[in-house]
Amino acid sequence: MRYQAPESLDAAVALLAGAQGEARVLAGGTDLLVQLRADLVDPELIVDIKKIREARTVAEERGGWRIGAAVTGAELKENTRLKQDWPGVVEAANLIGSTQIQGRATLGGNLCNGSPAADSVPALIAAGATAAVVGPRGRRDVPVEDVMIGPRKLSLTKGELIASFFLPPRGRGAADAYLRFIPRTEMDIAVVGVGINLALDGAGTITTARVSLGAVAEKVLLVPEAAQAIVGSRLDDAAQERLAAQARRACRPIDDKRGTIDFRIDVAGVLARRVASIAYERARLR
Amino acid sequence: MATMLTTATDLPQTYVGTRTVRPDGVDKVTGRARFGADFNLPGQLVGRVLRSPHAHARIVSIDTSKAEKLPGVKAVVTRDDFADQPSEFIPAGEMMINYRDMVRNILAREKVLYEGHAVAAVAATSVAIAKRALKLIEVEYEVLPPVIDVMDAMKPGAPVLHEDLFTVGVEPKPDKPSNIAKRVEIAQGDIDAGFSKADVIVEREFKTQPVHQGYIEPHATLASVSEDGSAEVWCTTQGHFIVRAHCARLLGMDIGKVRVTASEIGGGFGGKTVVYLEPLAVALSKKAKRPVKMVMSREEVFKASGPTSGAHVKVKMGATKGGRFVAAYAELRYQAGAFQGSPVQPGVMCAFAPYDIDNVKVIGYDVVSNRPKVAAYRAPGAPISEFAVESVVDELAKKLDIDPVELRLQNAAREGTKAAYGPKFGPIGLIDTLHAVRKTDHYTTPLEDWQGRGVASGFWFNIGGETCVSLTVNEDGTVSLMAGTPDIGGLRASLAMVAADELGVPYDKVRPIIGDTGSLGFNFLTGGSRSAFSGSMAVVEAARQIKADLCRRAAKLWEVPVDQIEFEGGSVRPVGDAATKAKPMSVADMAKVAGKTGGPIGGYGRINAQGAGPSFGTHLVDVAVDPETGRVTVLRYTMAQDAGRAVHPSYVEGQYQGGAAQGIGWALNEEYIYGPDGKLQNAGFLDYRMPVASDVPMIDAIIVEVPNPRHPYGVRGVGETPIVPPMAAIANAIENATGIRFTDLPMSPPKVLKALKERCRNKV
Amino acid sequence: MARVVLVGNLAQITGGVAEFDLDATSVKRVFALLAERHPALARHLEEGVAVAIDGQIYQDALLEPVAPDSEVFIIPQIAGG
Amino acid sequence: MAKHHVAAQVNGDEVEFLCETEETLLDVLRDTLNLTGSKEGCSSGDCGACSITLDGRLVCSCLVLGCEVGGRRIETIEGMARGETLHPLQQKFLEHAALQCGICTPGFLVASKALLERDRDPTETEIRYWLAGNLCRCTGYDKIIKAVMDAAAKMRRG
């Protein structure tokens with residue numbers, strides 16, 4: 144098993160494209176190392192992207208934010224300006240595992256692990272984030288909702304990797320939030336996760352919204368119907384009920400060791416209401 | 054003998070009852086302490102186990118030839134390397150062991166009986182080579198249908214695990230094999246007459262899931278067998294003398310040729326009273342003629358080491374309007390895992406132990422199924438049956454409109470009460486724990502909507518058993534103490550405190566260690582809440598020998614009759630007519646002249662400790678239920694338990710709090726989750742959900758002290774009772790919050806939400 | 003005469019007889035007298051039972067004395083976690 | 043392929059070691075550098091017994107590859123006491139009997155130290171959530187949390 148830690152994206156792409164057998168990108172490693180130890184994967188090459196500047200940098204860009212794919216949750220949490228703009232994204236990233244995991248886990252790894260229950264993904268999708276994908280045929284920006292196409296399946300092709308994410312400018316009167324349900328208070332994989340991002344006009348009416356659901360389908364869902372259910376409202380009870388109903392309608396979960404179908408559908412509606420209320424309150428204060 | 058010891062009153066007590074710093078503490082906060090996986094030897098090999106991918110299958114053939122040819126592989130063992138054993142229960146230590154089952158659990162013979170069942174083991178020069186070797190072992194299986202659930206396993210026509218297993222304890226003797234290994238029963242009075250006197254009867258069925266002891270340290274062992282056939286083993290265990298007995302028996306070695314050293318142990322809770330890796334490591338080392346180290350992965354711990362039983366329990370209790378229990382009946386069906394030996398017997402005996410009831414009948418079934426063989430887990434069997442009983446008691450209290458603590462007080466066992474399992478209780482503390490809990494402000498603090506309060510009591514017998522301790526007074530008057538029961542939770546501190554008080558020397562001048570099997574006579578294992586109870590008895594015995602010897606030596610030195618010398622406050626002193634003849638001499642003074650007065654000074658306590666006093670406890674818990682998600686949050690927890698005498702209050706509280714937290718996990722989230730293929734789906738800490746720090750509140754531990762008259766300091770075992778009440782206390786609290794009685798553990802969010810929804814539907 | 007009571011399954015071996023009055027001075031004698039009357043019991047008594055003498059549980063205590071007015075229960079052995 | 047040659051700083055000492063790609067930092071610490079104070083409870087980042095700091099950042103050493111740490115600064119439990127004097131957390135764990143079996147203790151101490159270096163006065167809830175990645179099966183956490191709060195108070199008094 145080879146290990147390489149290139150210092151440029153081009154070098155990383157070349158290594159990945161040139162790999163004989165399976166090649167894996169190493170960012171935080173909190174999923175990859177577990178899979179290695181459990182003999183679930185046996186790559187020929189591991190490409191560590193933590194020496195690549197773009198992948199390790201958080202910077203304001205065109206009024207929005209550029210976040211390196213290998214920046215850890217703990218580092219995001221310590222960035223107060225980012226937290227002001229995108230509290231939901233930062234909270235979501237900081238719900239991934241323990242404090243120890245926070246010291247390693249990254250947005251890039253969380254997305255590319257290809258789990259429908261990844262905590263940071265619904266928040267990124269709700270935020271309208273794009274992923275900067277670089278590969279042998281150059282660089283392209285891909286909406287985060289289009290990166291994962293199924294369990295452990297990505298739309299990335301051989302040689303491609305995610306260098307960074309772009310979060311759009313955070314306008315006034317707008318905010319995001321993320322909540323997930325787990326059986327314990329910490330350390331579990333999301334049974335249901337909901338990310339919502341919304342904007343208000345001066346009168347407190349919701350003008351735009353994005354609602355994303357995790358762990359209720361084969362991939363993380365963007366649910367426009369749920370967003371429509373609250374746009375034009377002040378998030379009154381009726382709007383909240385419409386939101387819950389639309390969120391539940393969008394669910395197509397499975398029964399597994401973490402939750403039942405009925406439970407996931409039910410709680411998706413409950414969390415949607417709770418998350419919307421948090422986002423709405425935050426937006427009013429901005 | 055223990056029975057010769059007198060009672061607490063005439064004993065010096067300086068350290069006992071205080072909160073000293075444990076002697077092994079500094080090593081444990083600096084990373085110096087050596088646990089099972091921290092031992093290494095030059096030239097050691099890596100041992101790995103090949104485990105069954107099937108829950109139930111016949112082994113057609115095992116071909117290890119390819120693996121043996123792989124460079125770097127030094128030994129491979131299979132069923133053929135272990136002689137078969139007769140199917141008889143024979144004593145190993147104080148436990149009755151069926152070695153026919155044990156040899157099959159260590160390496161499968163005719164069949165694999167659960168996913169993860171060991172099939173072969175290899176020793177190689179590296180992890181990578183050992184892993185490759187396992188892949189090269191060819192095992193042909195004839196896959197059989199598995200049976201996982203205890204009720205399914207009891208059905209006629211269920212897949213049968215053992216063609217030679219016929220139910221014991223039923224008449225007439227069955228002519229067909231089944232998965233029901235044993236039927237046990239206890240009864241007293243007339244159960245039907247009892248129920249006919251009842252004004253209120255509650256009958257319910259309960260279900261519990263297997264839960265794992267969850268010790269953080271995986272099983273680990275290092276074995277080295279020399280050319281002369283003598284073996285050295287270092288391992289993490291609750292009883293190294295038991296490991297020695299099992300290894301010697303399974304490998305046909307003389308007990309005297311096997312020397313086992315217990316490492317520091319990273320938690321056991323009953324799960325390290327059995328052997329898994331040790332016989333394999335010894336067998337591999339014997340073949341390879343090199344040391345072999347084996348460490349389980351967490352997945353192996355979950356799949357192949359013993360959880361406790363899952364069970365189905367039926368309880369029926371009757372009471373008079375006035376709140377007197379007049380009849381109690383229970384049926385327990387305990388799942389034993391792949392081999393017989395669930396803790397259903399103690400479950401049967403404990404079920405109604407906390408109460409004074411004239412008419413009792415309890416029936417228990419020991420049932421095998423395609424799961425790992427259960428191992429002891431804290432008060433084995435009791436938490437399951439007492440969860441059911443304490444839930445029913447709560448429901449009776451509600452039906453009778455009597456405060457749940459009051460109802461328990463009205464029926465509580467006390468000194469002289471005839472226990473449901475026969476004998477009369479001596480002095481016991483159940484009533485004191487009930488009063489202690491009711492006195493707290495916790496009991497009367499108002500609750501909000503969707504919050505509830507629950508109470509439950511619990512019982513465990515506690516045991517004594519064979520125990521050796523040696524005390525040596527060194528040349529400078531310091532004292533070396535050697536015990537033979539692994540120290541899981543502060544034993545060395547407790548024994549050093551007792552030794553210091555007995556000999557009147559400073560606590561920090563006593564250095565306690567855990568000796569290997571070559572250094573002391575037989576010791577039963579650390580379990581049954583016995584190590585501090587029995588060990589302190591043995592220390593007292595050893596100290597008495599030293600004191601008597603010092604008096605004899607002083608008599609000769611001072612030329613006065615020995616009856617005019619006494620040992621008091623750490624010194625020998627002349628008394629009576631001889632009082633002026635000599636100055637008192639301290640233990641240290643005597644140590645200086647030891648050589649001149651007969652040689653080294655020491656005592657050796659060798660006892661079979663009897664007189665263990667049962668420990669009762671009562672737990673009080675507040676919960677909050679989220680009506681929209683079914684999440685149950687433990688808000689506040691208070692518990693009271695009888696310790697007899699707390700030698701080291703901090704470690705007694707620690708036992709209380711740890712048991713309560715384990716019970717919280719058992720109640721709310723812990724369970725073994727199997728797929729239809731009979732394979733375990735949550736063999737890791739991620740999805741086997743033990744409580745984390747943010748899941749639990751502070752746990753207020755109240756130590757009640759009703760001295761055990763049979764112990765020189767009044768000590769009772771305290772380790773096991775704490776895990777008995779939590780499940781019922783929490784179920785009762787959830788009922789108090791929601792009005793819904795939950796009878797199926799764990800009470801996890803999906804189950805709770807489902808019940809809440811169903812109630813809404815029914816109301817509409 | 004000490005009163006000896008068999009708890010649990012042991013009574014099945016004696017055909018339902020659970021109580022005995024025995025002239026025994028030790029646990030060893032109790033076991034011997036029981037085995038005389040019900041030879042099938044012998045194996046089980048050897049295989050490991052505990053005895054409670056006047057409420058006090060003893061394990062592996064053959065030599066423990068039994069008083070003439072003692073109440074002795076033969077119960078299954080207890081181990082523990 | 044050949045082993046990786048790695049030079050790093052462990053508890054203030056410059057160390058060099060060779061490791062395979064698949065060897066974790068925990069493997070290297072325990073088996074190569076003989077620093078067995080960091081414990082392996084799960085090797086999946088779920089128990090925290092292998093907690094260390096990497097350039098001051100709290101991580102599970104079972105989720106770091108040995109070959110990743112070239113030039114990095116590693117602190118383990120073995121580096122916590124300063125010569126003869128125990129760290130206040132170590133002292134308070136002893137005083138409060140915050141350990142029973144002790145297998146999780148190194149991880150709890152390293153994690154608690156990392157917390158108190160960021161927050162001199164954490165609330166009980168903050169401590170419980172910070173330590174949620176450290177499993178203890180013996181104590182019910184009660185005495186551990188009290189020991190950390192007491193150590194924090196002691197360190198604030200200086």
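Protein chains in written order, with the working numbering: chain W, 144 to 429; chain D, 54 to 817; chain E, 3 to 83; chain Z, 43 to 200.
From the three backbone atoms N, C-alpha and C, an ideal C-beta is built for every residue, glycine too.
As the structure is a prediction and not an experimental result, all values here were calculated from the model.
CA nearest to the CA of residue i, picked from the options
i, options, result
"PHE577 (chain D)", "D:ALA472, D:GLU773, D:ALA536", "D:ALA536"
"VAL506 (chain D)", "D:VAL759, D:THR791, D:VAL311", "According to the sequence displayed, residue 506 (chain D) carries Arg and not Val. When each option's Cα is compared against that of ARG506 (chain D), the closest is D:THR791."
"ALA835 (chain D)", "D:PHE405, D:PRO396, D:ASP456, D:VAL415", "Summary: the structure shown does not reach residue 835 (chain D), with chain D confined to residues 54 through 817, and so no result is reported for it."
"GLN393 (chain D)", "D:THR361, D:GLY376, D:ALA404", "D:THR361"
"GLU238 (chain D)", "D:PRO499, D:PRO729, D:VAL413", "D:VAL413"
"ARG87 (chain D)", "Z:SER86, Z:ILE116, Z:PRO148, Z:THR63", "Z:PRO148"
"THR67 (chain D)", "D:TYR709, D:ASP561, D:LYS600, D:ALA641", "D:ASP561"
"GLN227 (chain W)", "W:ALA261, W:GLY257, W:GLY207, W:GLN383", "W:GLY207"
"THR73 (chain D)", "D:PRO139, D:ASP554, D:SER801, D:ILE244", "D:ASP554"
"HIS46 (chain Z)", "Z:VAL106, Z:ARG99, Z:GLY112", "Z:GLY112"
"ILE410 (chain D)", "D:ILE308, D:GLY469, D:ALA473", "D:ALA473"
"LEU483 (chain D)", "D:TRP503, D:ALA509, D:LEU500", "D:ALA509"
"MET590 (chain D)", "D:ALA110, D:GLY767, D:TYR741", "D:GLY767"
"ASN11 (chain E)", "E:MET3, E:PRO41, E:ARG5, E:ALA20", "E:ALA20"
Close beta carbons around residue i, own chain, < 6 Å, minus the five adjacent residues each side
i, result
"GLU56 (chain Z)", "none"
"GLY371 (chain D)", "PHE248, ALA251, ILE254, VAL379, ALA380"
"GLY581 (chain D)", "ILE516"
"VAL129 (chain D)", "THR117, ALA120, GLU121, VAL175"
"GLY683 (chain D)", "PRO802, VAL805, LEU806"
Within chain Z, partners of residue i - CB distance below 8 Å
i, result
"SER703 (chain D)", "HIS138, ALA139, LYS185"
"ASP679 (chain D)", "The premise fails here: ASP679 (chain D) is roughly 18 Å from chain Z at the closest Cβ pair, so nothing lies under 8 Å."
"GLU329 (chain W)", "TYR171, ALA174, GLY175"
"PHE738 (chain D)", "GLY83, CYS84, SER86, ASP88, CYS89, LEU177"
Closer than 7 Å at the beta carbon, the chain W residues around residue i
i, result
"ILE726 (chain D)", "LYS400"
"THR682 (chain D)", "PHE324, VAL410, VAL413"
"LEU100 (chain Z)", "THR242, GLN243, GLY246"
Contact set for residue i: own chain, Cβ-Cβ below 8 Å, skip 5 residues either direction
i, result
"ARG162 (chain Z)", "ALA194, MET197, ARG198"
Chain D contact residues for residue i, given Cβ-Cβ distances below 7 Å
i, result
"PRO148 (chain Z)", "GLY84"
"ALA123 (chain Z)", "THR83"
"VAL145 (chain Z)", "It is Ile, not Val, that sits at residue 145 (chain Z) in the sequence shown. Residues of chain D passing the Cβ test: PHE88, ILE269, GLU270, GLY319, GLY320."
Cβ-based neighbour list, residue i, same chain, cut-off 7 Å, excluding 5 preceding and 5 following
i, result
"ARG124 (chain Z)", "none"
"PRO433 (chain D)", "GLY323, THR361, PRO396, PRO399"
"ASP289 (chain W)", "SER298"
Interface residues of chain W facing residue i [CB-CB closer than 9 Å]
i, result
"VAL106 (chain Z)", "GLY172, LEU176, ARG247"
Heavy atom of the ligand NAP within 7 Å of residue i beta-carbon
i, result
"ARG124 (chain Z)", "Questions concerning the ligand NAP fall outside what the structure shown contains, since it holds no ligand whatsoever."
Residue i: contacting residues in chain E (beta-carbon distance under 7 Å)
i, result
"LYS477 (chain D)", "GLY57"
If we require 3 or more residues per run, which beta strand (DSSP E) segments fall completely within the segment 212-276 of chain D? 233-241, 253-261
Within the segment 290-362 of chain W, note down every full beta strand (DSSP E) run reaching 3 residues or more, in order along the chain. 291-293, 304-310, 317-324, 335-343, 349-357
Members of the segment 655-666 of chain D that neighbour chain E once the beta carbon cut-off is set at 9 Å: ASN661, GLN663, GLY664, ALA665
Compile a chain-ordered list of the residues in the segment 452-476 of chain D whose CB is closer than 7 Å to at least one CB of chain E. TYR474, GLY475, PRO476
Relative to chain W, which residues along the segment 91-116 of chain D have a C-beta separation below 7 Å, given in chain order? none
Scan the segment 721-767 of chain D and note each continuous beta strand (DSSP E) run of 3 residues or more that stays entirely inside, going in chain order. 752-757
Members of the segment 178-212 of chain W near chain D, C-beta cut-off 9 Å: ARG180, ALA181, ASP182
Which runs of the alpha helix (DSSP H) at least 4 residues long sit entirely within the segment 552-619 of chain D? Give them in chain order. 584-611
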